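Protein chains: 2
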Amino acid sequence: MAEFVRRVPEGDNRERLVCGDCGHIAYENPKIVVGSVILDNGAVLMCRRAIEPRRGFWTLPAGYLELGETLEEGAAREAWEEAQATVALDGILGVFNISRIGQVQIIFRGRFAEEQEPHFAAGPESLEVALFPWEGIPWTEIAFASVNWALQAWQRTGTGPLGRPAGNPDSDPRGTHRIGRAGPAA
Amino acid sequence: MAEFVRRVPEGDNRERLVCGDCGHIAYENPKIVVGSVILDNGAVLMCRRAIEPRRGFWTLPAGYLELGETLEEGAAREAWEEAQATVALDGILGVFNISRIGQVQIIFRGRFAEEQEPHFAAGPESLEVALFPWEGIPWTEIAFASVNWALQAWQRTGTGPLGRPAGNPDSDPRGTHRIGRAGPAA
């Protein structure tokens with residue numbers, strides 16, 4: 001296999017992975033994670049992770065946006081894949097920078113598409129899926145700091161009109177802390 | 187060079203580029219473009235592109251988010267690189283899906299950091315940089331449809347409080363039209 005070397009391509013100003021044979025530049029850029037806070041009668045849909053990282057911990061249905069998808073399509077797909085839920089999205093609840101790992105997370109607020117008969121179940125990447133009222137959320141078993149941030153954004157807006165998206169908290173403005181190092185979920 | 191083949195890796199549900207030698211999966215995901223509508227006394231900062239695509243057409247300072255950056259840092263860097271402007275950002279003005287080319291564009295609203303002495307100049311990727319009042323914008327020479335969308339979002343919010351980010355227009359909800367095919371800038 002041809003070797004990739006790190007160098008600054010002509011006309012660029014930062015190092016890239018460049019193929020030593022053909023000069024192909026393998027750009028590495030941040031990835032987009034899309035997810036949702038799905039609400040039903042004051043409770044939020046959460047998934048217990050069946051996969052690493054953070055297997056066994058609770059998260060929101062979320063994952064990498066795929067080529068060809070809109071943000072909304074990706075968030076709805078993840079709700080289906082991880083929680084077997086068909087959802088309707090209201091709009092963007094939060095936009096979070098996780099610069100430590102090259103991620104931007106865009107989290108929607110939404111509800112079950114069939115509000116009279118909400119259906120959900122564990123998809124292949126979830127051990128279990130459940131609806132939690134605020135006071136029942138398993139706060140000590142949250143998978144990622146950004147899950148806390150999105151839940152707090154929900155607490156602030158409730159089901160009222162969405163305004164400016166929530167952003168990173170002042171305690172971690174660039175998304176550089178690991179959850180274990182960031183102190184208790186606050 | 188080892189050959190990459192397109193196949194569905196175990197545990198996945200879509201085709202990926204997989205190295206035939208070592209099994210490495212080269213994930214391809216959408217990229218994030220960050221940019222800004224920089225305002226000064228009712229005029230907006232625009233750049234005439236010195237590079238393809240759309241060389242010679244007018245755009246907003248914007249470009250790919252880089253690893254390790256926050257969205258805000260990326261948008262400010264692009265304003266510096268393309269317009270030699272040091273900017274302060276107010277918040278997110280628009281979030282646009284360009285699914286045709288695997289892009290999500292996050293456009294901020296901002297102003298010159300030194301409002302009393304705004305400075306700008308053409309960076310290496312710009313032929314010229316200028317401030318345009320709304321009625322002076324070169325509407326027939328706009329580089330990309332999303333530039334129109336961001337400018338229209340500015341027209342709606344002015345310099346007032348930012349609320350929900352603007353999204354794609356109803357005429358192109360997924361960002362699949364080419365500017366030449368989307369009809370006149372509307």
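Listed in order, the protein sequences are those of chains A and B.
Just so we're aligned: the first sequence equals residues 1 to 186 in this note's numbering.
Just so we're aligned: the second sequence equals residues 187 to 372 in this note's numbering.
Glycine is no exception: its CB is placed at the ideal position from the N, C-alpha and C atoms.
Source: prediction; values computed, not measured.
Membership of B:Glu311 in any beta strand (DSSP E) is not indicated, and neither H nor E is assigned to it by DSSP. Identification of residues in the region 69–80 of chain A having a C-beta nearer than 9 angstroms to some C-beta of chain B yields Glu69, Thr70, Leu71, Glu72, Glu73 and Gly74, given in sequence order. Legend: CB atoms of the region 45–60 of chain A lying less than 8 angstroms from CB atoms of chain B are not found in any residue.
B:Val220 sits away from B:Leu246, with the two beta carbons spaced by 8 angstroms or more. A contact is defined here as three or more CB-CB pairs under 8 angstroms, and the region 263–282 of chain B fails this definition with respect to the region 192–208 of chain B. Taken in chain order, the whole beta strand (DSSP E) runs of length 3 or more contained in the region 57–143 of chain A are 62–64, 87–98, 103–112 and 126–133. Boundaries cannot be given for A:Ala50, as no beta strand (DSSP E) includes it and DSSP labels it neither H nor E. Interface with chain A (8 angstroms Cβ-Cβ cutoff): B:Ile278 is included. For A:Asn29, the nearest beta carbon of chain B is closer than 8 angstroms to its own beta carbon. Interface criterion not met: the Cβ of A:Pro9 is under 8 angstroms from no Cβ in chain B. Neighbourhood of A:Ser99 in chain B, by CB distance below 7 angstroms: Gly254, Glu255 and Thr256, in chain order.
The DSSP assignment places no complete alpha helix (DSSP H) segment of no fewer than 4 residues inside the region 342–370 of chain B. Sequence-distant partners of B:Pro304 (beyond 5 residues in either direction) whose C-beta falls short of 6 angstroms from its own C-beta, in its chain, are Asp226 and Phe298.
In terms of CA proximity to B:Gly228, B:Ala316 leads the group B:Glu327, B:Pro355, B:Ala316 and B:Trp266.
At a cut-off of 8 angstroms between beta-carbon atoms, B:Ile218 makes contact with chain A. Chain A has a Cβ within less than 8 angstroms of the Cβ of B:Leu251.
The DSSP assignment places 202–205, 217–226 and 229–235 as complete runs of the beta strand (DSSP E) inside the region 198–235 of chain B, in order along the chain (cut-off: 3 residues). Taking every protein chain shown into account, the CB of B:Gln291 has 16 or more other CB atoms within 10 angstroms, so this residue is buried. Residue pairing for A:Val5: DSSP places it in a beta bridge opposite A:Val18. One thing to note: A:Leu93 has its Cβ no nearer than 8 angstroms to the Cβ of A:Ala26.
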